[in-house]
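Right, one structure below, let's go through it.
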Amino acid sequence: MRENLRELLKKAWAKSDGTTIREHTDTLLKNLSILKNLFGEKIEEACPEDFRELLWKALELSCEYHDYGKLHCFFQKKVGNKNWKVLKGIPEVRHNLLSPAFVECEDENLKLLVQKVVLHHHEVPDQFEKAKEVLIKEFGFSEGKAKELDKLIGEEERFLERIALKKFKKRNSESLKKFYTLVKGLLLRIDHASSNKHLSEMEKGKLENPEKNVKDYLRKKGAQLNELQNYVLENREECLVVVAPTGYGKTEAGFIFLKDKGFFTLPFRVSANGIYERARAVFGENVGLLHSSSLIELMKKEEDELDTNTFEGIWKNYQHSKSFAYPLTVCTPDQIMPFVFKFSGYEKYLALLSYSRIVIDELQVYAPYTMAFIVKALEVIKDFGSKFMVMTATFPEFLRRFFEKMEIPFKEFPELKPRHNVKLLEDTLGSESSINLIRSLSEEGKVLVIVNTVRKAQELSLLLNAPVLHSRFLQKHRAKKEEEIKEFFSSGEKGVWVTTQLAEVSLDLDADFLVTELSTIDSLIQRMGRCNRKGIKDIENPNVYVFTQEPSGKGSVYPKELLELTRKALTEGIWEYDVKERAIKEVFGENIKKTKYYDQFKSALEYVEGFWRGSISLKESRHDAVQKFRDILSLNVIPYQFREEVLKVYKKWRESSDILERVLAFNELQSYTFSYPYSEKLLREGKIKKASELQELNVFWIKGDYDENLGFRISKEEDPEVIEDDNIL
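Residue numbers (full-length UniProt numbering): 1 to 729.
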């Protein structure tokens, strides 16, 4: 059978484009070799010591045999191979059920493990009965050989515990599970990359000496490594938590940490776009960008010279980013952290991170449930051999014990000199006196006004006759607004811009004066970071004005308890570093444990830990996760008034056969969208309605008023006020 099998593999198709099983398998083996040469040492370190001698053999066997089941005549018919005839009298089964039977290995224990890896799924017994029938009737297996499949029946966890006792007696069952997860994850990673025709290589090298690139970059700016950056360079073989104010060089410190292969994660897409540009300035073409609209962003950068050749380069860049091929990928956490829910295929992400490093920028910005997911994800990847660094301007004190439990060292870098003089005003932002104050300040310099809700930002924009930026602009208008606000704050002009939380982290602005509503202490400190950023302006007089009465979004955007704790912690005058630290501890220390915010964090952490304890089944988890966290979901919406224009673009997208035209049309469709909080009420009343005409696109029509200067507006009663999180989930 072996000689016949070799010939069959050369003729049978693995893909509908005619790629044979042998060709596809050889691509996997080539990519395995590339992976081993580049990151073999790191992967071996992540592998449990008592299984290291089996690692590469297990991977080689898994790559070799994982698609042999595609020889099945029904699969060949499905992919369009007309040289194959469907045999009568045999059932159709999934190819992955057949592949394990072809595995050959002298080590029976290793063979059993590899068979389970290439099976991919646990299946119900009747499917195994059909698979055995196919093996006997189509491939000539003996009944005894076909019956070996029975050993693979059952859920992975129990299967591994069983064979750990019977087959790997001298080895720990937890080590076996970790080894199995690593092998399965690496197979998935290699297989997915090998199946992508747009990839020139699975891994585009590594960041050999990132510190050299950073030093060269800083030298051109007349600077050198500072205390923070040197600390990271000296301690990057450990996981780290560093706390430093805005403008301290955390980004470059993050680049230094990400040696070999790394992911730089940010909470907002717009901030990811900005860091991507900085990373390209430091590392050239070794950088990828990955978030929900990264293709649009990459195309925008080349829009003046966009032709077929340019597009091919952009498309390859995008495909390499999607496949995690770049040495450094700038992304949002949703691109690499779904593994924390242990969804099908989660092993791929865990295996990838076993030989990668990750930087989490501004952890405190996330909602409490998202923060809990990230904390658990970091705990898991540390156990799997990955290194991470959390960088933040304000570290929530209640998180400290979770990181201390992981034995992560903390290092704080206080401000070299104070940058802010705070004035507290027992008044509402929007009152006549507040408007007069803002107008007066705008005659002296640049004023940044930050409020808690989109509605409030729109109201102030009208009162001040000032431009406004928030998340409810069409993507095409928002991109223009972002450019305008950046240009204003880097110019010599005086004036006012009104914005929301988007300005806290995602935009690199430097205002002369900050005027803000009361928000939580971490948010306020982030807002202050957008004023006197370099610390070179005089602060004899106040440059930060906080209006403490009737903040918008109280209870909906920010928990009432946190706002009240923050209000009590605030003091007037020059804010030295110790003033900020004391305020953070007053809010996020022991007091936080009495709040709903902490309850949300704790509830989310307990929930996600259920996946890793095995107390939540995978099938249930997807449904339960959506229901439990329904309030954090956002919808991709298009204002109904643009329906006719959008349908014309959609028609062009559907009918064009040219890939460049299709992508341009798709980008144009996306440019009409923005994120809007999920609202059961608006869906029920038909104010938000699924755009069924746009069949393949997961978008909704939304009724309301849209204005290019103010963005989308809806009545106060209907507006679900939530924090502006840029739909990171």
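All C-beta atoms in this analysis are idealised placements derived from N, C-alpha and C, irrespective of residue type, glycine included.
This one's a predicted model, so the numbers in the text were calculated from it and none came from an experiment.
Item	Value
Just to confirm, are ARG527 and ALA511 a CB contact at a threshold of 7 Å?	no
Determine the DSSP secondary structure at PHE629, reduced to helix, strand or coil.	Its pLDDT being 37, under 50, PHE629 is placed unreliably by the model, and the measurement read from it follows with that caveat. Note: PHE629 maps to coil in three-state DSSP.
Using DSSP bridges, identify the partner residues of PHE263.	THR329, ILE358
Can you tell me which of the three DSSP states LYS387 falls into?	strand
Can you name, in chain order, every residue of its own chain whose Cβ lies under 8 Å from the Cβ of ARG400, other than the five neighbours on each side?	PHE410
Identify the continuous alpha helix (DSSP H) that holds ARG478 and give its terminal residues.	475–489
Alpha carbon to alpha carbon, how far is HIS320 from THR332?	16 Å
Give the secondary structure of VAL214 by DSSP, where H, G and I count as helix, E and B as strand, and everything else as coil.	helix
For the beta strand (DSSP E) that THR516 lies in, which residues bound it at each end?	513–517
Please determine if the segment 100–108 and the segment 37–53 are in contact, where contact requires at least 3 C-beta pairs separated by less than 8 Å.	no
In the DSSP assignment, the beta strand (DSSP E) including GLY288 goes from what residue to what residue?	287–290
Taking Cβ to Cβ, would you say VAL86 is nearer than 7 Å to CYS73?	yes
Out of ASN96, PRO210, ARG357, LYS215, which has the shortest C-alpha to C-alpha gap to ALA377?	ARG357
With distances taken from CA atoms, which of LEU694, PHE611, ALA164 is nearest VAL649?	LEU694
Under 8 Å, with one C-beta from each stretch per pair, do the segment 207–226 and the segment 241–258 reach the 3-pair mark?	yes
For GLY18 and PHE75, I'd like the C-alpha separation in whole angstroms.	13 Å
Applying the criterion that 16 or more other CB atoms from any shown protein chain within 10 Å of the CB defines a buried residue, is SER679 buried or exposed?	buried
Would you mind listing the alpha helix (DSSP H) stretches within the segment 30–97 that are 4+ residues and don't spill past its ends, in chain order?	52–65, 73–78
For residue 733 and ALA12, what's the separation of their Cα atoms in angstroms?	Nothing in the structure corresponds to residue 733, since the chain is present only between 1 and 729.
Can you tell me which of the three DSSP states LYS651 falls into?	helix
From this set, HIS477, GLU459, GLY247, PHE263, which residue's C-alpha is nearest ILE381's C-alpha?	PHE263
Among GLY205, TRP612, GLU60, whose alpha-carbon lies nearest the alpha-carbon of LEU328?	GLY205
Considering only their Cβ atoms, is the gap separating ILE539 from ASN421 smaller than 7 Å?	yes
I'd like the span of the alpha helix (DSSP H) that includes VAL505, first residue to last.	502–505
I'd like the span of the beta strand (DSSP E) that includes SER634, first residue to last.	634–639
Answer with buried or exposed for SER344, where buried requires no fewer than 16 other C-beta atoms within 10 angstroms of its C-beta.	exposed
Which partner residues does ARG713 have in the DSSP bridge list?	ASP705
Could you please give the first and the last residue of the uninterrupted beta strand (DSSP E) stretch that includes LYS690?	688–690
So MET337 packs on GLU379, CB below 8 Å; how close in whole Å?	12 Å between Cβ atoms; not a contact.
Using a Cβ-Cβ cutoff of less than 8 Å, which residues in the same chain neighbour ARG567 once the five nearest sequence positions on both sides are dropped?	LEU518, THR548
Does the Cβ-Cβ distance between VAL608 and PHE339 come in under 7 Å?	no
Could you have a look at THR20 and say whether DSSP puts it in helix, strand or coil?	strand
Can you tell me the Cα-Cα spacing of VAL468 and ASN709, whole angstroms?	7 Å
What number of angstroms, rounded off, separates the C-alpha of residue 734 from the C-alpha of LYS147?	The question about residue 734 has no answer here: the residues shown for the chain are numbered 1 through 729.
Between LYS137 and TRP84, what straight-line distance do the alpha-carbon atoms span, to the nearest angstrom?	16 Å
Give the range of the alpha helix (DSSP H) segment to which LYS116 is assigned.	108–119
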